[in-house]
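Read in order, the letters of the sequence shown correspond to residues 52 to 802 in my numbering.
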Amino acid sequence: MMKKSFQIHIQGKVQGVGFRPFIAKNAQKRKLCGFVRNSMSGVEILLQGDEQEIENFLYSIKKDLHPHIQIDSLECVEVNAKEYHCFFIEKSNQESQSLVHIPTDYAMCERCLKEMLDCNNRRFKYPFISCTDCGSRWSLIQHLPYDRHRTTMRYFEMCQKCLEEYHSAESFRFHSQINSCPECGPTLFVRDSQNNILNTPNPFAFLAESLRQGKIIACKGVGGFTLICDAHSKKTIQCLRKRKRRPQKPFAVMFPNLESIREHTNCSVIQEELLQSTAAPIVLLKPKRHTSLAMMDISPKTPYLGAILPYSPLHHLLLREFGNPIIFTSANLSGEPIIACLEDLNKILDVYDLCVDDNRIIAHSIDDSLFTIVDEKPYPLRVGRGFAPLMISTPDQKKFTKPVMGLGAEQKGTIGLGFLDKMLVSPYIGDLKNVESMNLFLQTKDFFTSHYAEPDIFIADKHPSYRTHKMAKGAKNSLFVQHHHAHSLALMAEYGIQEIIGVVFDGSGFGDDGNIWGGEILLATPKKYKYYFSLQPFKLLGGERAIQEPARVLLSLLFMLYQEGVWDMDIPALSFFNETQKKALYQLYQKDLNSPITTSMGRLFDAVAMIFYPPFEVTYDGECGLMLEGDYVDIPFNPYPFEINKNKIYFLDMIVAMLRDRQQGIEAKISITRFFHTIVEMIVKCVEYIFENEERVIPVGLSGGVFCNQVLLKSTLQIFKQRKIPYIIHQKLPSNDGCISLGQLYFGLFK
Ligand SMILES: [Zn+2]
Ligand SMILES: [Zn+2]
């Protein structure tokens, strides 16, 4: 029989997913010889043996693929090679341009869970158990390709037993790069509030008991520390809010298991699947009305509950002991990245009573991902652990002429690198105004640059005061993309298309006329955009202050309608200001002092909330929108009046109608629902006008932070379906500024 040799190159998500052991086992089973190794572009295989068996092999690796593995391309050529007598896993090849997907972190698998709970297993209650199917990846990777000596596991030398598993094709830890056991792996420490190590013979029982006593624990997870406490204890949660200085923003809850989630929430099959997926994100669910959880303290004023299942061995061990849901929120200062090491935890020493950490270094801190379900598909609100870094192929393998870097926006920073036919996007980083977030941003930038390509062009937002804008200004070659165009571009990039009507609603983005845009409808292509519509401009009294104090936004609209007559009106929001402030604000309005012009949809949501709710200071992004979502009711579609004239959407008629309804005692929920209907109707009217004007139907893309509002998004899609308007929504990145870096890359691709 003739022996033949083939060289196979595979690209895709093939490192850190157990692909090499999978290949080796398969080849050995078929008595094929040769080797497999990681390369900078993916995986290389040399296969020698009977041609029919080689064909069977190729067929079976495509058919029996593990869900973690994703093959983008497979090239197979016959070669002349020296003769091999067995099949083995060869050392990684570090030549050539890197193209490999970065492996993401996986939730613990069933097999490992079973072992960890088996008192006869040598990894009984071992909180760092993992295998080729599960465990940390990106959070431990210092360099590529993915091998133990390029991860932070290199500080732990495998013991004899672990090595045997590593070399045994029979073991499911065959070539598991992060393999370890209690003998040779990392160690867990329980510490007091001053970070002194406590002697705890049974740490999980001790921690569970501490949770019962109302203690707040900083707990090291996959991508950093989280703060946990009993989700039934009102008092403890209030204490956590006070200590963390986080008065309102919802906390996520980690449930011990799916049964517990079903007990407290209404959870669909799709939501359950997403919760149980290997990426294990936080999923927004509707809590049951009579849940015993302290909902008013967990998620005040909003209709959702962010739920998550245990994903690391430590979570499983802890929740099995505790048996009840826990508050699960990242340990950080507001807007900063999740804290990943004990030294940084010192910054929040006053927040926790106990700390659980270990001596395994987190190479890249990364937050949990946050999703909801829209159109029966996962809809991202924050893309982090389990999903990012994210590699997206360009349409039709179109190549970047030179590597480009997309520096993103500012508040929800991400960074992207475009090279060859790939667009690589980082996880959510944070608010780049913070030094810590900027450090993580720069660290990620270095990682991308040193492993993939040195960018030739830097692309940034047009906002002159964004740090990323200044960074690009300092580079040799730079390009600047208008914010709302970049949102539209990000959507086009996700779908690989080249024209959409971009309906981009957000808080603020620097407009081409120097004003703050945020309610824009554009006809966008990769190279340019045609401005079609925006909200009618209004003034932000006191600039940034108006974002914190939404009563100022309503006041500004009321000044437009009634000038000084507003002070006779009976609206609770007006009580927010004293007499001096009232006078001063009218001065600002009249004389255009410190009152930038905006067309922001986010601010319009704020103003509407102030018609119905007592005034307050906003403490997190989208707070007013979430409250309005909670008051949406199911009534027939019934928009308020508004007017579209030239390229402006005039909405003051709607405000007048809402004020009148309120005065006539019509229930706030009805008015709020009709407000959502009105926005949907505005979108539809504008889109239909564009169809007519362009004499064709063009897909509509919905982007911008306002489309994190599920009620608005779902009501819009419902009407789109009824009126047969084709649309696209985000599936890979969030609609907020986390998608801007991808949009910038797409701009660079067509430049
Ligand atoms: Zn496993
Ligand atoms: Zn070991």
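Even for Gly, the Cβ is constructed at its ideal location relative to N, Cα and C. Quick caveat: nothing in here was measured; it's all calculated off a predicted structure.
Do you know how far the Cα of R188 is from the Cα of D418?
Position 367 of the sequence shown holds residue 418. Position 137 of the sequence shown holds residue 188. If you take the alpha carbons of D418 and R188, they lie about 14 Å apart.
Give me the Cα-Cα distance between H514 and I74, rounded to the nearest whole angstrom.
Along the sequence shown, one-based indexing puts residue 514 at 463. Along the sequence shown, one-based indexing puts residue 74 at 23. Roughly 49 Å separates the two Cα atoms.
Starting from the C-beta of H502, find all residues in its chain whose C-beta is less than 6 Å away, skip the five residues before and the five after it, and write them out in chain order.
The count along the sequence shown starts at 1 and reaches residue 502 at position 451. These residues qualify, in order along the chain: S149 and L195.
Between the beta-carbon of F306 and the beta-carbon of L360, is there less than 8 Å?
The sequence position of residue 306 within the sequence shown is 255, counting from 1. The sequence position of residue 360 within the sequence shown is 309, counting from 1. Pairing F306 with L360 gives a Cβ-Cβ distance under 8 Å.
Distance CB(L475)-CB(L483) smaller than 8 Å
Your numbering for residue 475 matches position 424 in the sequence shown. Your numbering for residue 483 matches position 432 in the sequence shown. Using a Cβ distance threshold of 8 Å, L475 and L483 do not count as a contacting pair.
Apart from the five residues just before and just after Y517, which ones in its own chain have a Cβ nearer than 6 Å to its Cβ?
The residue given as residue 517 occupies position 466 in the sequence shown. Excluding sequence neighbours, Y517 sits near E461.
Alpha carbon of C392 to alpha carbon of D685, nearest angstrom
The residue given as residue 392 occupies position 341 in the sequence shown. The residue given as residue 685 occupies position 634 in the sequence shown. So the two alpha carbons sit approximately 47 Å from each other.
So, with DSSP's three-state summary, where would you put D156?
As a first step, residue 156 must be located in the sequence shown, where it is residue number 105. Coil.
Under DSSP, the beta strand (DSSP E) around N89 begins and ends at which residues?
Stepping through the sequence shown from its first residue, residue 89 is reached at position 38. Run containing N89: C84 to S90, per the beta strand (DSSP E) assignment.
Nearest-angstrom beta carbon gap, L258 and V241 [assumed within contact, 8 Å]:
Within the sequence shown, numbered from 1, the residue matching residue 241 stands at position 190. Within the sequence shown, numbered from 1, the residue matching residue 258 stands at position 207. Right, the Cβ-Cβ distance comes to about 7 Å (below 8 Å), so this counts as a contact.
Going along the chain, which residues of its own chain have a beta-carbon closer than 6 Å to the beta-carbon of K76, five neighbours each way excluded?
Taking the sequence shown and counting its residues from 1, the one referred to as residue 76 is at position 25. A220.
Report the residue from P478, P446 and L764 whose alpha carbon sits nearest the alpha carbon of I780.
In the sequence shown, counting from the first residue as 1, residue 780 sits at position 729. It is L764.
Can you name, in chain order, every residue of its own chain whose Cβ lies under 6 Å from the Cβ of E158, other than the five neighbours on each side?
Locating residue 158 in the sequence shown gives position 107, where the first residue counts as 1. First, the amino acid is wrong: residue 158 is Ala here, not Glu. Excluding positions up to five away in sequence, the list reads T329, A331 and Y362.
Buried or exposed: where does P376 fall if 16 or more other Cβ atoms within 10 Å of its Cβ makes it buried?
Within the sequence shown, the letter at position 325 stands for residue 376. Answer is buried; the Cβ neighbour count reaches 16.
Completely contained beta strand (DSSP E) runs for the region 490 to 542, where each covers 3 or more residues:
508 to 512 and 529 to 532
Buried or exposed (CB count within 10 angstroms, at least 16 for buried), P254
Taking the sequence shown and counting its residues from 1, the one referred to as residue 254 is at position 203. Buried, since its Cβ has 16 or more Cβ neighbours within 10 Å.
Thinking C-alpha only, which one of N696, P446 and E600 is nearest V28?
The requested residue 28 is not part of the displayed model; the chain covers only 52 to 802.
Once you ignore the five residues that flank R436 on each side, which residues in its own chain have a CB closer than 7 Å to its CB?
Numbered from 1 along the sequence shown, position 385 holds the residue referred to as residue 436. Result list for R436: D156, V273, G274, I417, D418, D419 and S420, in chain order.
Below 8 Å, how does it come out for the region 780 to 792 and the region 561 to 581: are there three or more Cβ pairs, yes or no?
no
Can you name, in chain order, every residue of its own chain whose Cβ lies under 7 Å from the Cβ of E674, other than the five neighbours on each side?
Start at 1 with the first residue of the sequence shown, and residue 674 comes out as number 623. Within the same chain, E674 has close Cβ partners Q299.
By how many angstroms is the C-alpha of L384 removed from the C-alpha of I480?
Along the sequence shown, one-based indexing puts residue 480 at 429. Along the sequence shown, one-based indexing puts residue 384 at 333. Taking the straight line from one Cα to the other gives about 13 Å.
Considering just the uninterrupted stretch of the alpha helix (DSSP H) at G111, what are its terminal residues?
On the sequence shown, residue 111 is found 60 positions in, with the first residue counted as 1. Residue identity differs from the one stated: residue 111 is Ser in this sequence, not Gly. Element bounds for S111: E102 to K114.
Kindly confirm or deny that the region 637 to 647 and the region 583 to 602 touch, where touching means at least three C-beta pairs closer than 8 Å.
Contact annotation: the region 637 to 647 touches the region 583 to 602, with at least three C-beta pairs closer than 8 Å.
Under 7 Å: does the beta carbon of C280 sit that close to some heavy atom of ligand 1?
Walking along the sequence shown from the start, residue 280 turns up at place 229. Because no heavy atom of ligand 1 lies under 7 Å away, the Cβ of C280 does not count as near it: no.
Please determine whether the Cβ atom of M91 lies at a distance below 7 Å from any heavy atom of ligand 2.
Working through the sequence shown from its first residue, we reach residue 91 at position 40. No.
I288 to R71 span [Cα, whole Å]
One-based indexing of the sequence shown puts residue 288 at position 237. One-based indexing of the sequence shown puts residue 71 at position 20. If I take the Cα positions, the gap works out to 46 Å.
Whole angstroms is fine: what's the gap from I706's alpha carbon to I312's?
Along the sequence shown, one-based indexing puts residue 706 at 655. Along the sequence shown, one-based indexing puts residue 312 at 261. Those two C-alpha atoms are separated by around 40 Å.
Identify which residue in K720, F742, T203 and N787 has its Cα closest to the Cα of K758.
If you number the sequence shown from 1, residue 758 lands on position 707. One detail in the question is off: residue 758 reads as Phe in this sequence, not Lys. Considering only alpha carbons, the answer is N787.
Measuring only from the beta carbon, is M204 closer than 7 Å to any heavy atom that is part of ligand 2?
Taking the sequence shown and counting its residues from 1, the one referred to as residue 204 is at position 153. Checking every heavy atom of ligand 2 against the Cβ of M204, none is found closer than 7 Å.
Tell me which residues pass a beta-carbon proximity test against ligand 1: closer than 5 Å to any heavy atom, given in chain order.
C160, C163, C182, D184 and C185
Helix, strand or coil at W189 [DSSP, three-state]
Residue 189 sits at position 138 when you count from the first residue of the sequence shown. It is coil, neither helix nor strand.
Taking 7 Å as the cut-off, is the C-beta of G236 nearer than that to any heavy atom in ligand 2?
For the purposes of this step, residue 236 is taken as the residue at position 185 of the sequence shown. Yes, the Cβ of G236 comes within 7 Å of a heavy atom of ligand 2.
Taking 7 Å as the line, does the beta carbon of M209 fall inside it for any heavy atom of ligand 2?
Within the sequence shown, residue 209 is the residue found at index 158, counting from 1. Remark: the C-beta of M209 is in contact range of ligand 2, defined as less than 7 Å to any heavy atom.
Would you decide whether G357 is buried or exposed? Buried here means 16 or more other CB atoms lie within 10 Å of its CB.
The residue given as residue 357 occupies position 306 in the sequence shown. By the neighbour-count criterion, in which 16 or more other beta carbons inside 10 Å mark a residue as buried, G357 falls on the buried side.
Just verifying my parser: in three-state terms, what is the DSSP assignment at Q228?
Numbered from its first residue, the sequence shown carries residue 228 at position 177. Three-state result, Q228: coil.
Could you tell me the alpha carbon to alpha carbon distance between K80 and E234, rounded to whole angstroms?
To locate residue 80, count along the sequence shown from 1; it is residue 29. To locate residue 234, count along the sequence shown from 1; it is residue 183. Between K80 and E234, the C-alpha separation is close to 32 Å.
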